[in-house]
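Trainee: Those protein sequences? They're chains A, B, C and D, same order as listed.
Read in this note's numbering, the first sequence has 90 at position 90, and its numbers run on one by one without any break.
Read in this note's numbering, the second sequence has 1226 at position 226, and its numbers run on one by one without any break.
Read in this note's numbering, the third sequence has 2044 at position 44, and its numbers run on one by one without any break.
Read in this note's numbering, the fourth sequence has 3058 at position 58, and its numbers run on one by one without any break.
Please find one structure pasted underneath; my questions will follow.
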Amino acid sequence: MTTECTNRELLIYTISRLLDGVEHVAVGMSSPMPAAGAMLLRALNKKQGLGDVQVSILGSVRHNSFTSGSEELFDCAAQGRIGAFFLGGGQIDGKGNVNLVGAGGYPNSPVRWPGSYGSAYLYFLVPRVILFREEHSPRVLVDQVDFISAPGATEDGVYRRGGPHALLTNAAMFSFQRDTGRFRLESVHPGRSAADIREMTGFSFDNDRCEVETPGPDAEILALMRGQIRSELAETYPQFAASLPEAA
Amino acid sequence: MTTECTNRELLIYTISRLLDGVEHVAVGMSSPMPAAGAMLLRALNKKQGLGDVQVSILGSVRHNSFTSGSEELFDCAAQGRIGAFFLGGGQIDGKGNVNLVGAGGYPNSPVRWPGSYGSAYLYFLVPRVILFREEHSPRVLVDQVDFISAPGATEDGVYRRGGPHALLTNAAMFSFQRDTGRFRLESVHPGRSAADIREMTGFSFDNDRCEVETPGPDAEILALMRGQIRSELAETYPQFAASLPEAA
Amino acid sequence: MTEFVSPEAMADMIPSGVKLGLAPDGSGSCPAMIRFLIERGIRDLHVVCAPIGGMQVDMLIGAGAVSVLETSAVSLGEAGGAPCFGRAIRNGEIRMLDATCPAVFAGLSAAEKGVPFMPIRGIIGSDVLKNHPNWKVTTNPFDESEKIVVVSAIQPDITLIHAPEADRFGNVRLGRRREVMLLAHASKKTFVTVERISETSLLDDEKLAAGVLPAMYVSAVAEYKGAAWPTGLYAEYEVDAGEVENYARAARTPEGFLAYITGTRSAA
Amino acid sequence: MTEFVSPEAMADMIPSGVKLGLAPDGSGSCPAMIRFLIERGIRDLHVVCAPIGGMQVDMLIGAGAVSVLETSAVSLGEAGGAPCFGRAIRNGEIRMLDATCPAVFAGLSAAEKGVPFMPIRGIIGSDVLKNHPNWKVTTNPFDESEKIVVVSAIQPDITLIHAPEADRFGNVRLGRRREVMLLAHASKKTFVTVERISETSLLDDEKLAAGVLPAMYVSAVAEYKGAAWPTGLYAEYEVDAGEVENYARAARTPEGFLAYITGTRSAA
Chain A
1 MTTECTNREL
11 LIYTISRLLD
21 GVEHVAVGMS
31 SPMPAAGAML
41 LRALNKKQGL
51 GDVQVSILGS
61 VRHNSFTSGS
71 EELFDCAAQG
81 RIGAFFLGGG
91 QIDGKGNVNL
101 VGAGGYPNSP
111 VRWPGSYGSA
121 YLYFLVPRVI
131 LFREEHSPRV
141 LVDQVDFISA
151 PGATEDGVYR
161 RGGPHALLTN
171 AAMFSFQRDT
181 GRFRLESVHP
191 GRSAADIREM
201 TGFSFDNDRC
211 EVETPGPDAE
221 ILALMRGQIR
231 SELAETYPQF
241 AASLPEAA
Chain B
1001 MTTECTNREL
1011 LIYTISRLLD
1021 GVEHVAVGMS
1031 SPMPAAGAML
1041 LRALNKKQGL
1051 GDVQVSILGS
1061 VRHNSFTSGS
1071 EELFDCAAQG
1081 RIGAFFLGGG
1091 QIDGKGNVNL
1101 VGAGGYPNSP
1111 VRWPGSYGSA
1121 YLYFLVPRVI
1131 LFREEHSPRV
1141 LVDQVDFISA
1151 PGATEDGVYR
1161 RGGPHALLTN
1171 AAMFSFQRDT
1181 GRFRLESVHP
1191 GRSAADIREM
1201 TGFSFDNDRC
1211 EVETPGPDAE
1221 ILALMRGQIR
1231 SELAETYPQF
1241 AASLPEAA
Chain C
2001 MTEFVSPEAM
2011 ADMIPSGVKL
2021 GLAPDGSGSC
2031 PAMIRFLIER
2041 GIRDLHVVCA
2051 PIGGMQVDML
2061 IGAGAVSVLE
2071 TSAVSLGEAG
2081 GAPCFGRAIR
2091 NGEIRMLDAT
2101 CPAVFAGLSA
2111 AEKGVPFMPI
2121 RGIIGSDVLK
2131 NHPNWKVTTN
2141 PFDESEKIVV
2151 VSAIQPDITL
2161 IHAPEADRFG
2171 NVRLGRRREV
2181 MLLAHASKKT
2191 FVTVERISET
2201 SLLDDEKLAA
2211 GVLPAMYVSA
2221 VAEYKGAAWP
2231 TGLYAEYEVD
2241 AGEVENYARA
2251 ARTPEGFLAY
2261 ITGTRSAA
Chain D
3001 MTEFVSPEAM
3011 ADMIPSGVKL
3021 GLAPDGSGSC
3031 PAMIRFLIER
3041 GIRDLHVVCA
3051 PIGGMQVDML
3061 IGAGAVSVLE
3071 TSAVSLGEAG
3081 GAPCFGRAIR
3091 NGEIRMLDAT
3101 CPAVFAGLSA
3111 AEKGVPFMPI
3121 RGIIGSDVLK
3131 NHPNWKVTTN
3141 PFDESEKIVV
3151 VSAIQPDITL
3161 IHAPEADRFG
3171 NVRLGRRREV
3181 MLLAHASKKT
3191 FVTVERISET
3201 SLLDDEKLAA
3211 GVLPAMYVSA
3221 VAEYKGAAWP
3231 TGLYAEYEVD
3241 AGEVENYARA
3251 ARTPEGFLAY
3261 ITGTRSAA
């Protein structure tokens, strides 16, 4: 049974579901929601007596066991030791291409974002890359990105074992279908309709009349999130943790 | 003025002369004479107010500042940070080829030595490689090695900034002439003649009627060797140091 | 071999026009030295970020000191986008070599290992590849059916970093920030400011040694306490988030940047 | 993730037929575990030495456990040539992949970085290259006039090493022996015996961290004091030169080897 939860809690819970079965989750810097989702998966697995989940939070000393500098994440991904990673994006298009560089032309982009970071690499090597961007608008979810930091699909003859797995926003959750190279709407968050999602999305996608509502956590999981996960988060993201509901 | 010295002292002093001008000398494991020669150069430079000489002795904790494992020596050589290195060889031929693998056929060599170590690489990248082998005989100094661990010369189109600089044995000292790819007899150690050297050497070489005697250390240098160098050596090679003459 | 100098003298040793290697904010960045370079009117730098840049790079750009920027990203982290960087991009004032983090490391590894290039997986199909002059697609020599990217070596002329500690012999403790070790190995010269100088050798302690950059890579050391302020120094002190926000606000305009860079207290 | 087992149980986890990575004598070698493997009748190993082998490799060869040997050298150091190795070479009992140290590291680096090959300078013109099936000459993609060697990735199935210390979480302190770190990064699984186990995390001490292999690479740990005897352990205890000489003498004949391996005291 779903209990009432905040939108953030819904997203964190959804992230944990998208990570199901992953043994090692890497989370980029300043990514409290993905970190929370990974921590929730770890706690749930432990409760259910399932395998350990390792969560590596880049930029954290405590939740990061890398000892060979920031290149180790990339080596580790190439070795197949990382099961899931998160990417955002100034633009994400319907073919799963991600743009972290800029909009409106290159190189002298009128709108310039920080840059591609490790995306052009990790998107190929981490099996399950979750695209996570809270803003759900035609400005972000475009038909065609202005610059491809990391491509959603790849021609034959190029090694690729990873890529987009799902796209999660504050309004909906899509899966990515590698065979067709398109997104499929899997569920719509409470308070939105498929029609809303079609309007808010700049690309066409499959199952665009989806009537599934994104499930929220049950009472037990919500209690876990508001207790243990909130405290674990507070070590790395004190401000973010403080903004989450506390256990009664 | 040359003072009377042992053959070993003559070799150590000659090594220091061959290293003249080098800023960083790397010495392999179990190579006390090259280590002694490098330490002597360091001490002489210091006395004369010349530049510092760094001596890295592989396998030593104290005289080895590498902190990135044994690959660092090779990286360091490739970066141009090592000026001189030593190679021995089960066989050395007249073209400067070195064999550290075996004699009499390959792979099932009737006489098998340990293997090539880093020779096939360092011979290309360290500017001054000194071939040092005490035994001077047609068995060691052959016309053509049975197996090339590291070649003396290289075809065009292959990066090479290093290679053989000199060959030192307990009987003579040769320079290597990179333009002709041949050794040239530079000096004969006291007690030997050019005719002896011709007979003891399995390959033909230039200046084979050389009448120069290998110079030994003067009294001041000899005193340095028998005092300071002997003590420095004792830290890494106690047995070898004990076998050297002590200052009066 | 390692010279011990004042921070000012170290700044004088870094001329215009060099390829300058810099560490990420908080992992070896040295904004206080960047101020000295700006005061000296340094120009025409090719900046290599290993692998990303922050406030110190934005300051150099704002001062007009950068002609080429090779990086995987520039950001002020929690304080948002890097304002001088964004402005310079819009106005076409710098030549941008957009990279991706592991490709920067591959280029530095190539320099570290003295090879002209390194292969790297991924990247094919991205516009990062299309726009990068020093990367190529080739085939795997052991499997001609596989296309793979090769990146050419990146060898900075000078790397400038801040570290917790050096000893009197020139050895520098970096700890687990191995990307800074890689950067130093790859560079022709490395200049290091440190929080403190140890009179005993850092290499004598086996527990420390694995995190120590040996003196042979270190051209000069200057003691300069707090020189990583406000960006912070890993395992020593945190970022001063308020100050970085002050910078971010000020640097929104060229005038504001100028006022900040000439007015604000430095680490000294 | 990291299992804590007995040395005997660890030996049972290493089957015949695997590609086995081993550290050099004195830098992570574990002759005591090699004895267990021999007792269990292990066979058909492809041994990768990183980058050279010593007594532990000679013992495996003497026991007939090695079918392929990939190394830059095998030697007993001060005690001279490795007798079982020399005999096996003469009799054609092992397939030898003669390498050169930095090429082994390049192959391991390729596996560490998940690329199929690495370029390396030198080597061209040597018989090492002519006889190595996994190396090729190619051209530098950025300068077609330059020929350069590429070596294919070396990924051991299992690496077996001895280290000073592990913690209860599976992190292992290697110190400055980074070649062992590289070997573990490159391998599918790494099994580690240690002198002692720490109850507190080795990663909590920033001074130690740079020399620590994180638990994610470590499949199993066994406490086994003295397991590097007689080859020694870097920064812990020296080689027992007399014992290695005893071995060298005994192993001159197959019978002597057999007597040594069944008779001598082990580390336990």
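Each residue gets a CB set at the ideal place from its N, CA and C atoms; glycine is no exception.
Fair warning: this is a prediction, and the values are worked out from it, not measured in the lab.
Please work out which residues of its chain come closer than 7 Å, Cβ to Cβ, to B:E1134, disregarding the five sequence neighbours upstream and downstream, and give them in chain order.
Mentor: Same-chain partners within the cutoff: T1169, N1170.
Trainee: By how many angstroms is the C-alpha of B:A1194 removed from the C-alpha of B:E1186?
Mentor: Using only the alpha carbons, I get a separation of about 10 Å.
Trainee: Can you give me the Cβ contacts of B:F1174 inside the same chain, cut-off strictly under 7 Å, excluding the 5 residues immediately before and after it?
Mentor: A1166, L1167, F1183, R1184, L1185, E1186, F1205.
Trainee: Determine the closest residue to D:S3006 out of D:R3196, D:E3238, D:D3157, with distance taken between C-alpha atoms.
Mentor: Considering only alpha carbons, the answer is D:R3196.
Trainee: So, at 8 Å on beta carbons, what are the nonlocal neighbours of A:V129 in its own chain, with the 5 sequence-adjacent residues on each side left out?
Mentor: Excluding positions up to five away in sequence, the list reads A84, F85, F86, L87, L122, Y123, G162, G163, P164, H165.
Trainee: Just tell me which of D:I3014, D:G3077, D:S3067, D:R3095 has its CA closest to the CA of D:E3245.
Mentor: Minimum Cα distance to D:E3245 is reached at D:G3077.
Trainee: Answer yes or no: does any C-beta atom of chain G fall closer than 9 Å to that of D:L3076?
Mentor: The displayed structure is made up of protein chains A, B, C and D, and chain G is not among them.
Trainee: Where DSSP assigns a beta bridge to C:A2222, which residues make up the other side?
Mentor: Looking at the DSSP assignment, C:A2222 forms a beta bridge with C:T2193.
Trainee: I'd like the span of the alpha helix (DSSP H) that includes D:M3033, first residue to last.
Mentor: Here the alpha helix (DSSP H) through D:M3033 covers 3031-3039.
Trainee: Which residues in the same chain have their Cβ closer than 7 Å to the Cβ of D:N3131, if we skip the five residues on either side of it in sequence?
Mentor: So the list reads D3098, once near-sequence residues are dropped.
Trainee: In the DSSP assignment, the alpha helix (DSSP H) including D:N3131 goes from what residue to what residue?
Mentor: Looking at the DSSP string, the run of the alpha helix (DSSP H) that includes D:N3131 is 3127-3131.
Trainee: Nearest to B:V1101 by CA position, among B:P1238, B:D1093, B:K1095, B:S1116, is which residue?
Mentor: Of B:P1238, B:D1093, B:K1095, B:S1116, the residue nearest in Cα terms is B:S1116.
Trainee: Indicate the three-state DSSP secondary structure (helix, strand or coil) for C:T2253 in the structure shown.
Mentor: Coil at C:T2253, not helix or strand.
Trainee: Using 8 Å as the cut-off, can you tell me whether the stretch 1218-1234 of chain B makes contact with the stretch 1028-1040 of chain B, which would need three or more C-beta pairs spanning the two stretches below that distance?
Mentor: As far as the Cβ criterion goes, the stretch 1218-1234 of chain B touches the stretch 1028-1040 of chain B, which means the pair count is three or higher.
Trainee: C:D2167 bridges to which residues according to DSSP?
Mentor: Answer is C:S2198, bridged to C:D2167.
Trainee: Based on DSSP bridge pairs, tell me the residues matched to A:F174.
Mentor: Answer by DSSP bridge pairing, in chain order: A:L167, A:L185.
Trainee: What are the boundary residues of the beta strand (DSSP E) that includes D:K3269?
Mentor: What the structure shows of chain D is the stretch from 3001 to 3268, and residue 3269 of chain D is not part of that stretch, so it cannot be assessed.
Trainee: Pairs of beta-carbons, one from the stretch 3043-3057 of chain D and one from the stretch 3067-3074 of chain D, closer than 8 Å: are there three or more?
Mentor: Taking 8 Å as the limit for Cβ pairs, the verdict is that the stretch 3067-3074 of chain D does touch the stretch 3043-3057 of chain D.
Trainee: Excluding sequence positions up to five away, which residues of its chain have a Cβ less than 7 Å from the Cβ of D:N3140?
Mentor: Excluding sequence neighbours, D:N3140 sits near E3146, I3148.
Trainee: For B:G1102, which beta-bridge partners are listed by DSSP?
Mentor: In DSSP, B:G1102 forms a bridge with B:R1112.
Trainee: Is it the case that the stretch 3176-3188 of chain D contacts the stretch 2206-2222 of chain C, given that we only count it when at least three CB pairs across the two stretches are under 8 Å?
Mentor: Yes, the stretch 2206-2222 of chain C is in contact with the stretch 3176-3188 of chain D.
Trainee: Have a look at A:V61, A:F240, A:P245 and flag the residue whose alpha-carbon is nearest the alpha-carbon of A:P250.
Mentor: Shown here, chain A extends from 1 to 248; a query on residue 250 of chain A therefore has no answer.
Trainee: Under 9 Å, CB to CB, which of the residues in the stretch 2110-2137 of chain C have a partner in chain B?
Mentor: Within the stretch 2110-2137 of chain C, the qualifying residues are A2111, E2112, K2113, G2114, V2115, P2116.
Trainee: Comparing the C-beta of C:S2145 with each C-beta of chain D, is any distance below 9 Å?
Mentor: Taking Cβ atoms only, chain D never reaches closer than 9 Å to C:S2145, which makes this a no.
Trainee: Strictly below 7 Å CB to CB, what residues from chain A border D:V3212?
Mentor: Simply T67.
Trainee: According to DSSP, which residues form a beta bridge with C:I2158?
Mentor: Partner(s): C:L2020, C:K2189.
Trainee: Which residues in the same chain have their Cβ closer than 6 Å to the Cβ of D:D3025, if we skip the five residues on either side of it in sequence?
Mentor: G3054, M3055, T3231.
Trainee: Do D:G3021 and D:V3057 have their CB atoms nearer than 9 Å?
Mentor: No, the Cβ-Cβ distance between D:G3021 and D:V3057 is not below 9 Å.
Trainee: Under the rule that 16 or more other beta-carbon atoms within 10 Å means buried, what is A:D179, buried or exposed?
Mentor: Exposed: under 16 other Cβ atoms inside 10 Å.
Trainee: When you check each C-beta in the stretch 2052-2081 of chain C against every C-beta of chain A, which residues fall closer than 8 Å?
Mentor: Answer in chain order: I2052, T2071, S2072, A2073, V2074, S2075, G2077, E2078, G2081.
Trainee: DSSP three-state call for C:G2263: helix, strand or coil?
Mentor: Looking at C:G2263 - three-state DSSP - the assignment turns out to be helix.
Trainee: Since D:M3118 is in the beta strand (DSSP E), which residue starts that stretch and which ends it?
Mentor: Note, D:M3118: beta strand (DSSP E), 3117-3120.
Trainee: Could you tell me whether any Cβ in chain B is nearer than 9 Å to the Cβ of C:L2203?
Mentor: Cβ-Cβ to chain B under 9 Å: yes for C:L2203.
Trainee: Once DSSP output is grouped into helix, strand and coil, what is the label at D:L3097?
Mentor: D:L3097: strand per DSSP, three-state reduction.
Trainee: Alpha carbons only, please: which of C:F2105, C:V2180, C:R2035 is nearest the one belonging to C:I2120?
Mentor: Nearest option by C-alpha distance: C:F2105.
Trainee: So the candidates are A:A43, A:V142, A:V98; which of them puts its Cα closest to the Cα of A:Q228?
Mentor: It is A:A43.
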